[in-house]
Amino acid sequence: MKKGYFGDFGGRFVPELLMPPLMEIEAAMRDIMPTQAFRHELDDLLHNFAGRETPLTRCDTLSRELGCTLWLKREDLLHTGAHKVNNTLGQALLARRMGKTRLVAETGAGQHGVATAAAAARLGLSCIVFMGAVDVERQSANVMRMKLLGAEVVPVESGTRTLKDAINETLRYWIAEQGSTHYCFGTAAGPHPFPTLVRDFQAVIGHETRRQMLERTGALPDMVVACVGGGSNAIGMFHAFVDDADVRIVGVEAAGTGEPGCYNSAPINLGSPGVLHGNRTMLLQDGDGQILPSHSVSAGLDYPGVGPEHAHLGATGRVVYGMVTDTQALAAFKALTRAEGIIPALESSHAVAWVLENPHLLPQGGNVVVNLSGRGDKDMDIVREHLFPSLGGKA
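The sequence shown stops at residue 394 when you use numbering that gives the first Met the number 0, and every number in between is there.
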C-alpha cells in the first residue's frame, strides 16, 4: 500500500508551508513513540489519569429483547467523558517530547476540546481551541469546561460555523505557529500522518475489548459496532478486529432527518471521493466538488467527510456502514437510559440505534459489542429541546 494511503484514500494534500510540521510528526512517530520511556509514561497517564482500562458492560435487559448478548465498551467512563482523551494524552506527550509548548485543536461536540485542554493542563502546555460558533452555542457546558482547564476558546464564524470550518481555522493558525505549536488533531482524518497517528492512540479501545471478550466469554465478539463521524472511536475499536474474518464490523453514520435530499453526515453512504482537509476520502459534495453542508443532531458527527481508512474499509466491504436518523438516535438515547441506567452521548446513540433498529441482522445467540464512545451529560440541552420541549430553557 502506498505510504500514507489506505487503498485509494488518504495522502497529504497540503500547502508547502505545512509539509515541515507534518514530516516532523512523522519522524516523532518513528523515533519517539516506540521507545520504552514514551510507552511507559503514556501507559501511566492512561491508567492513573484517564482511568483505563474501561469496563465492558453486559446489557441484560436489551439482550433479552434482541436475542443476543449486547455489551458496551465504556469509553464514557474515561476522564473528561469520552474516548477523546486516549488520543489527546498521546499527542500531548509526543508534543512535549518534540519540544512544543502549545497545543492547538479543533472541536465539534467539545469533547475533543475538553480532552485536549485537560491533557495540556496535565502536561504543562498552553492550549487554544477553535470551535464553530454553532457548536459553541449547542455545547456551552463543554466550552465552560475548556475555559476552566485554561484553554482559550475561539468561536469560528465562517462557513456553516461547525466542525469543518473549525478545522480550516486551526490549519491556518498552525501554519503561522508551527515552531512552538502542535496541532492535536481530533479524529482519524486529515493529511498523513494524522489518520495513522490518531488510530494508533485510539487502538487501545479495540485491543482491550478483544482481551476482555476472550476473558469473559472465551471467544471474540460476533459483531462490533461504532458510530462514525470523522471516525476516531470507530477505527480505534475496529483496528484490532479487521483481520478477524469471523467478526462482523459495522460503522454507523448520521442520516439527519432521513428525508431524501436532507442534510446529513453520511459521506460513505451518500457521498463521493474528493479532497478535504488534506486527504482524499469520501465527502458530501455537489457535482462541482463544492462541499455540502452537513447535519446531525450530535455535534460530534456533524462533518461532511470521514477518515480515509474508513473510506477504504467501506470500499473493500470489510466494514458495513449503516445509517441512523436523528429521531432514531434520540429514541435509542432514551431506550438505553431507561433499560440499562446508562446515559449515552448522542454520537454513541447512533451506534446503539443501529443495533435496536436491525435485530434481524444481529447474530442470534451471539455477542455484539457497541463502543459507547462518550457520555450524554454534554447533550442535555439538545435532549431537552427534542424530548422535553415543554421544559424550555437551558439545563
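We treat Cβ as the ideally placed atom computed from N, Cα and C, and that holds for glycine. Keep in mind it's a predicted model, so treat the numbers as computed, not measured.
Own chain partners of residue i with C-beta closer than 6 Å, once the 5 adjacent residues on each side are dropped
i: M322; result: E252, A254, A265, N268
i: V319; result: V249
i: P307; result: F5, F8, G9, P194, N278, T280
i: T68; result: S62, N366
i: L300; result: G228, A253, S264, E346
i: R160; result: G131, A132, V133
i: T336; result: I342
i: V13; result: P190, G277
i: R73; result: T53, P54, T56, L371
Contact under 8 Å by Cβ, residue i with residue j
i: N141; j: G109; result: yes
i: G6; j: H191; result: no
i: F240; j: V223; result: yes
i: L71; j: V369; result: yes
i: G373; j: A81; result: yes
i: T60; j: A338; result: yes
i: K163; j: Y262; result: no
i: A298; j: G107; result: yes
i: H78; j: A117; result: yes
i: G397; j: R198; result: This structure leaves residue 397 out entirely; the chain is present only between 0 and 394.
i: V84; j: A114; result: yes
i: L147; j: A119; result: no
i: L124; j: G89; result: no
i: Q177; j: P19; result: yes
Proximal residues to residue i (C-beta, below 7 Å), its chain only, five neighbours per side dropped
i: L122; result: A91, L92, R95
i: L16; result: I174
i: R11; result: G3, L21, P190, H191, G277
i: Q211; result: L55
i: I24; result: P192, L196
i: W353; result: V224, V249, V251, G321, V323
i: T100; result: L124, S125, S179
i: Q138; result: A108, G109, A298, K377
Spatial distance of residue i from residue j (CA atoms)
i: G286; j: G270; result: 11 Å
i: K1; j: G316; result: 20 Å
i: A36; j: H46; result: 15 Å
i: C126; j: H111; result: 12 Å
i: M22; j: L361; result: 43 Å
i: L390; j: I381; result: 12 Å
i: P54; j: A165; result: 33 Å
i: G97; j: M130; result: The sequence shown places Met at residue 97, not Gly. Whole-angstrom Cα-Cα distance: 26 Å.
i: D378; j: G288; result: 33 Å
i: E64; j: R215; result: 21 Å
i: A331; j: N232; result: 19 Å
i: N167; j: G205; result: 30 Å
i: I31; j: L282; result: 33 Å
i: D75; j: L170; result: 29 Å
i: V246; j: E151; result: 43 Å
i: L371; j: H238; result: 16 Å
i: K393; j: M143; result: Residue placement at K393 cannot be trusted, given a pLDDT of 49 that sits under 50; the coordinates are not used to answer.
i: I290; j: R51; result: 38 Å
i: P358; j: G364; result: 12 Å
i: H309; j: A188; result: 9 Å
i: Q284; j: P292; result: 8 Å
i: K333; j: C58; result: 15 Å
i: L355; j: V274; result: 34 Å
i: V38; j: G230; result: Residue 38 is actually Arg in this sequence, not Val. Cα-Cα distance, rounded: 24 Å.
i: D221; j: E207; result: 16 Å
i: A27; j: P259; result: 46 Å
i: M145; j: Y172; result: 19 Å
i: A314; j: D43; result: 38 Å
i: V128; j: G217; result: 43 Å
i: L213; j: C226; result: 23 Å
Own chain partners of residue i with C-beta closer than 8 Å, once the 5 adjacent residues on each side are dropped
i: D243; result: L219
i: L329; result: V296, L345, S348, V382, H385, L386
i: D376; result: G80, A140, I342
i: T326; result: T256, G257
i: R209; result: L219, A239, F240
i: V203; result: L45, R51, N85, G235
i: F48; result: H78, L88, R121
i: P272; result: D7, F8, R279, T280, M281, L282, A310
Proximity test, residue i beta-carbon vs the ligand ZN heavy atom, cut-off 7 Å
i: M212; result: Absence of the ligand ZN is noted for the structure shown, with no ligands found whatsoever.
Kindly provide the ranges of any alpha helix (DSSP H) runs that are 4 or more residues long and lie completely inside the stretch 312-363, ordered along the chain. 325-339, 345-356
Do the stretch 182-202 and the stretch 151-158 make contact, defined as three or more Cβ pairs closer than 8 Å? no
- Query: Can you give, in chain order, each stretch of the alpha helix (DSSP H) that sits fully within the stretch 109-195 and has at least 4 residues?
  - Reply: 110-122, 132-137, 139-147, 162-176
Which residue spans inside the stretch 18-99 form an unbroken beta strand (DSSP E) run of at least 3? 55-58, 68-73
Where in the stretch 244-279 do unbroken runs of the beta strand (DSSP E), each at least 3 residues long, occur, reported from the N-terminal end onward? 247-253, 271-275
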